[in-house]
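Position 84 of the sequence shown, counted from 1, bears residue number 100 in this note's numbering, the numbering being contiguous throughout.
Backbone N, C-alpha and C fix where the C-beta goes; we use that ideal spot for every residue, glycine too.
Computed from a predicted model, the values in this text were never measured in an experiment.
Notes follow once the structure below has been shown.
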Amino acid sequence: MTVKEYNKAVDDFSDAVWRFIRGNLRDDDRANDIVQDSFEKLWRHVTEIDFRMAKPWLFSTAYNNMIDIIRREKRMVFSEDTDNESMIYDQASPDLNEILHKAIGRLPEIQRSSVLLRDYEGYSYREIADITGQTEAQVKINIYRGRLALKSYIGKIESVI
């Protein structure tokens, strides 16, 4: 990859990588750090990576950095397990965007990542499998389960509106 191609990769892919990481972590500062680290690693390997592979390489690198951060935080903070009854939406707030983000935030991390990559970023199952290091079948299962959880949380759209 040339310097010109690297700069094009920064222009073309930085927003998409940031949205993906921000959607999972819901923290602008940590998302910025992860994206910056990913592009720094790309720069260190600029001679080894073909420009056509830059986008999946960046998503994989950012995803792995995000997983490392989540694992580190889980060691320091006890997480609360959610049961299915807590996944039912309280109908007091009609803001659809807020409801959707809250529902996505309640998904397990791997389901959330898979759903975001598929539905928000438009990746194929094969590309998601490459990014997350899972098999295509696992990706399909995680997306299916994530969508079911979202559906059960949100319920019928008519009741939300």
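Who are the near neighbours of I65 in its chain, counting only those whose CB is closer than 8 Å to its CB and skipping five residues on each side?
-> M17, L58 and W73
The stretch 36–49 touching the stretch 126–136, judged by at least three CB pairs closer than 8 Å = yes
Determine whether the Cβ of D44 lies closer than 8 Å to any Cβ atom of chain C.
-> The chain inventory of the structure shown lacks chain C, comprising one protein chain alone.
Local conformation of F94 per DSSP, three classes = Summary for F94: the model assigns pLDDT 47, below 50, so the residue's position carries little reliability; its value from the coordinates is reported in the next sentence. Three-state result, F94: coil.
Taking V62 and S30 to be in contact with their CB atoms under 8 Å, please state how far apart those CB atoms are, rounded to whole angstroms.
-> The Cβ separation is near 15 Å, so there is no contact.
Exposed unless 16 or more other CB atoms sit within 10 angstroms - verdict on N48 | exposed
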